[in-house]
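*Asks:*
In my numbering, the protein residues as written are 93 to 270.
(1) Can you tell me which of the three DSSP states residue 198 falls into?
(2) Under a Cβ-count criterion, where at least 16 other Cβ atoms within 10 Å of its own Cβ denotes burial, should residue 197 be classed as buried or exposed?
(3) Quick one: grab the DSSP three-state call for residue 212.
(4) Would you mind stating whether residue 140 and residue 252 have Cβ atoms separated by less than 8 Å?
(5) Label residue 268 either buried or exposed according to how many other C-beta atoms from any shown protein chain fall within 10 Å of its C-beta, with 16 as the threshold for buried.
(6) Residue 130 by DSSP, collapsed to three states: which one?
(7) Determine, using beta carbons only, whether residue 272 and residue 129 come nearer to each other than 8 Å.
(8) Would a C-beta distance cut-off of 8 Å place residue 96 and residue 228 closer than the cut-off?
(9) Where does residue 270 sit, in a helix, a strand or coil, going by DSSP?
(10) In this structure, does DSSP put residue 108 in helix, strand or coil?
(11) Helix, strand or coil: how does DSSP classify residue 143 here?
(12) If we ignore side chains and look at the alpha-carbon of each, how far apart do residue 266 and residue 260 end up?
(13) State buried or exposed for residue 262, treating a residue as buried only when at least 16 other CB atoms are found within 10 Å of its CB.
(14) Rounded to a whole number of angstroms, what is the C-alpha to C-alpha distance between residue 74 and residue 224?
Shown next, in the form of C-alpha cells:
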C-alpha cells in the first residue's frame with residue numbers, strides 16, 4: 093500500500109518532473125526557432141496547462157480529504173500504468189530530442205521522425221500522459237480525479253492531436269504516411 097505521505101511525495105516528484113520538462117521544452121523551442129521552426133495553434137496551450145495543474149490539485153485534495161486505501165490489486169495496476177506511462181513519455185522525449193516540446197512546433201526542413209518509439213506508436217507521449225492521469229490518482233483511491241480528468245484529458249488530447257496532425261500536414265504533406 094502507498095502511505096498518504098508516500099503518495100504526496102510521489103506527486104511532488106511528478107510535479108518536479110513536469111517543471112523540468114517545461115524547462116527542457118523552452119530550451120528546445122529556442123533551438124527550433126533558431127532553425128526556422130515556429131509554433132502552431134498556441135491558443136489551446138493554456139487549457140492544457142490548466143488541466144494538468146488542476147489534476148495535481150484535485151488529486152491531492154481528494155486523497156487528503158477521503159484518505160481511502162485502495163485494494164492491493166488496484167495499487168499494482170496503477171503502478172504498472174504509471175511505469176508504462178513514464179516509459180512511453182521518456183522514449184518520446186528521448187527520440188524527439190531537441191524537437192520535443194510541450195507546445196506544437198514545426199521545423200519546415202526537418203525530417204519527420206519515424207524511428208524509435210515512433211515506429212510503433214504515433215503519439216507515445218500522449219499515450220503515456222493518458223496512462224499517468226488515469227493511474228496516479230488510483231494509487232491512493234482518488235477515483236473521482238481519475239475519471240473526471242481522464243475524460244477531460246481525452247477530450248483535449250483529441251483536439252490537440254488533430255492540431256498536430258494538421259501542422260504536420262501543412263509542413264510535410266505527410267498525411268496517411270503511417
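The beta carbon of each residue, even a glycine, is placed where N, CA and C say it ideally should be.
*Replies:* In terms of the structure at hand:
(1) Position 106 of the chain shown holds residue 198. Residue 198 falls in the strand class under three-state DSSP.
(2) Mapped onto the chain shown, residue 197 falls at position 105. Buried, by the Cβ-count rule.
(3) Working through the chain shown from its first residue, we reach residue 212 at position 120. Coil at residue 212, not helix or strand.
(4) Within the chain shown, the letter at position 48 stands for residue 140. Within the chain shown, the letter at position 160 stands for residue 252. Yes, Cβ-Cβ distance for residue 140 and residue 252 is below 8 Å.
(5) Locating residue 268 in the chain shown gives position 176, where the first residue counts as 1. Note on residue 268: pLDDT 48, under 50, position unreliable in the model; the coordinate value appears next. Exposed, since its Cβ has fewer than 16 Cβ neighbours within 10 Å.
(6) Your numbering for residue 130 matches position 38 in the chain shown. Note: residue 130 maps to strand in three-state DSSP.
(7) Residue 272 lies beyond the range of the chain shown here (93 to 270); nothing can be said about it.
(8) Start at 1 with the first residue of the chain shown, and residue 96 comes out as number 4. Start at 1 with the first residue of the chain shown, and residue 228 comes out as number 136. Their beta carbons are not under 8 Å apart, which means residue 96 does not touch residue 228 by this criterion.
(9) Residue 270 sits at position 178 when you count from the first residue of the chain shown. In this prediction, residue 270 has a pLDDT of 49, which is less than 50 and means its spatial position is unreliable; nothing more can be read from the coordinates.
(10) Start at 1 with the first residue of the chain shown, and residue 108 comes out as number 16. Helix at residue 108.
(11) The residue given as residue 143 occupies position 51 in the chain shown. DSSP places residue 143 in helix when its eight states are reduced to three.
(12) If you number the chain shown from 1, residue 266 lands on position 174. If you number the chain shown from 1, residue 260 lands on position 168. Per-residue confidence for residue 266 stands at a pLDDT of 48, beneath the threshold of 50, marking its modelled position as unreliable; the derived number appears in the next sentence. Each residue's alpha carbon lies about 7 Å from the other.
(13) By 1-based counting over the chain shown, the position of residue 262 is 170. Under this definition residue 262 is an exposed residue.
(14) No statement about residue 74 is possible, as the shown extent of the chain runs from 93 to 270 and does not include it.
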